[in-house]
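Chains as they are written, first to last, in our numbering: chain G, 8 to 137; chain D, 6 to 72.
Below you can see the structure in the form of structure tokens.
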């Protein structure tokens, strides 16, 4: 199936964003491991890879707005399901940690978990509209 | 909401993709509206009626239950 112009623009923007993210992430890790840096500089350095992730919000919203109403509904329902599942799972895990010695989950995994669960949810939501 | 999209398409020998192209939405969107899995926005309902050169109430029946 041919990609729409909006999908092509989205793919292009995401490619640039994730290339930038990878460069900034590895650059920040390398710089932090190579040089003795003051704490404020380390904080700025660790926040640099977040900038492209913020930019990807704009790319996603532009793409959803270019969709027709059924496609947008599928994406929004999937994202809602993804957000609810990750929120409930993290909340439940947090409660369980209070009474067990389960390890803490590094917060950096919440966003990928949301994206992953949303992707799985989209598979099922899409079927509902077929 | 019941609709007559399938019948009107068949009369014109249009596929769902053909109708989608005429009103500017995906084949999937036409399928979802046609099978009453999605109630279209007012704007899309008017576009669909316009494509069939029909009145909106001749295409959609808000009181009818889907088949």
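Even for Gly, the Cβ is constructed at its ideal location relative to N, Cα and C.
It is roughly 22 Å from the alpha-carbon of residue 31 of chain D to the alpha-carbon of residue 127 of chain G. In the displayed model, residue 65 of chain D falls within a strand according to three-state DSSP. Chain G places a beta carbon closer than 8 Å to that of residue 46 of chain D, counting this residue as a contact. Here residue 42 of chain G is exposed, its C-beta having fewer than 16 other C-beta atoms within 10 Å.
No Cβ of chain D is located within less than 8 Å of the beta carbon of residue 93 of chain G.
CA-to-CA, the gap between residue 58 of chain D and residue 53 of chain G works out to about 59 Å. For residue 7 of chain D, the pairing in a beta bridge is given by DSSP as D:66. Excluding residues up to 5 positions away in sequence, 56, 59, 60 lie with their Cβ nearer than 7 Å to the Cβ of residue 28 of chain G in the same chain. Assigned with DSSP and collapsed to three states, residue 54 of chain G falls in helix.
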